[in-house]
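The structure appears below as structure tokens.
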Amino acid sequence: MENPPDTQSTPAGRRNFLGLVTATTAAAGVGACLWPFLQSLAPRDGAAAHLPVDVDVSALPPGQQIVVTWQGRPVFITHRTPEALSALQDAALTGRLRDGQSQAGQQPPYAANWHRSLDPRYGVVVGICTHLGCVPTYRPLPEGQGEGNWPGGYACPCHGSRFDLAGRVFRGAPAPYNLPVPPYSMPSPTLIRLGENPAGQDFDFASILQL
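The sequence shown begins at 14 in our numbering and counts up one residue at a time.
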């Protein structure tokens, strides 16, 4: 009797596998905890894993986010609204952040600014909580009342860490550092190239303090 076909090596098998990953990650709460497991199942190509990844954001509406994979990690790319950018510069917000000035080495030098990016409109962060590695959920709208009001951003479903829309962590959260910013460039105003620094810049992602 012939052995059953290896579904992981056939096109149909690969489609089934990708469909399984997509369906699983659609549930935010479950996907947050399962990301490392799902990545361990994904086929890996050492050379391809380190190639730059181009992301066209021309059709990404303000206030929306897309998630792409770079070197096996989820990267959040967000088109921030004018209102969100104004909130990021609010001195009252900065005072509630653990590292509001981005002094810790969690981003390239060219992203060590109030918006932690090349273009203020587009946020680019690795979506892995710096506490224990869960994937935060995107919750861009303000929540809560009074002094505890959260202006929106990212919320970790595992242990409650919260980050603003620049990936900066709030004081009192278990996460010790801001979300990392990967090396990237923008060859055009609407094209983000993950894994490639801008011309004249040299940043090694391995140098970040914590992922």
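All C-beta atoms, glycine included, are put in the ideal place defined by N, C-alpha and C.
Here the structure is a predicted model, which means the values were calculated and not measured.
Euclidean distance between Cα positions of residue i and residue j
i    : j    : result
H63  : R129 : 23 Å
P149 : M199 : 25 Å
F183 : D67  : 31 Å
D177 : T143 : 14 Å
D112 : Y167 : 16 Å
R81  : P187 : With the sequence shown as reference, residue 81 is identified as Val, and Arg is not the correct amino acid for it. One C-alpha to the other measures close to 26 Å.
P170 : P153 : 15 Å
L145 : E209 : 27 Å
A125 : A117 : 9 Å
E96  : P74  : 14 Å
F89  : P195 : 10 Å
S201 : T94  : 20 Å
R175 : R181 : 8 Å
A104 : W83  : 33 Å
F218 : S115 : 16 Å
G76  : G173 : 22 Å
Q120 : P87  : 16 Å
DSSP beta-bridge partners of residue i
i    : result
L207 : V66 and Y197
Y168 : As written in the sequence, residue 168 is Ala, which differs from the Tyr given in the question. Per DSSP, T150 and R175.
T91  : Q78 and G136
E96  : DSSP lists no partner for E96.
R86  : W83
F183 : L110
Proximal residues to residue i (C-beta, below 7 Å), its chain only, five neighbours per side dropped
i    : result
T203 : D69, V70 and S71
R109 : F183 and R184
L101 : W127, H128, D177, L178 and A179
S220 : G118
Q78  : F89, I90, T91 and Y151
P282 : Nothing about residue 282 can be read from this structure; the chain reaches only from 14 to 224.
Cβ neighbours of residue i in the same chain (closer than 6 Å, five flanking residues each side left out)
i    : result
A40  : Reliability of the predicted coordinates at A40 is poor, the pLDDT of 40 falling under 50, and the value obtained from them is presented with this limitation in mind. Nothing listed; no residue qualifies.
Q223 : T143 and Y190
E156 : W163
heavy atom of the ligand PLP below 8 Å from residue i C-beta
i    : result
F216 : Ligands in the displayed structure: none, and consequently the ligand PLP is not present.
Integer Cβ distance of residue i from residue j, believed to fall under 8 Å
i    : j    : result
P189 : L106 : With a Cβ gap of about 19 Å, P189 and L106 do not count as contacting.
G140 : L192 : 7 Å
I205 : V137 : 6 Å
8 Å CB neighbourhood of residue i in its chain, flanking five on each side removed
i    : result
P122 : Q214 and F216
P211 : Y123, L131, S198 and M199
L98  : H128, P133 and R134
Short CB-CB distance (under 9 Å) between residue i and chain D
i    : result
Q223 : Judged by its chain identifiers, the structure shown contains no chain D, having just a single protein chain.
Report the residue ranges of all beta strand (DSSP E) runs contained in full by the segment 102 to 138; include only those spanning at least 3 residues, in chain order. none
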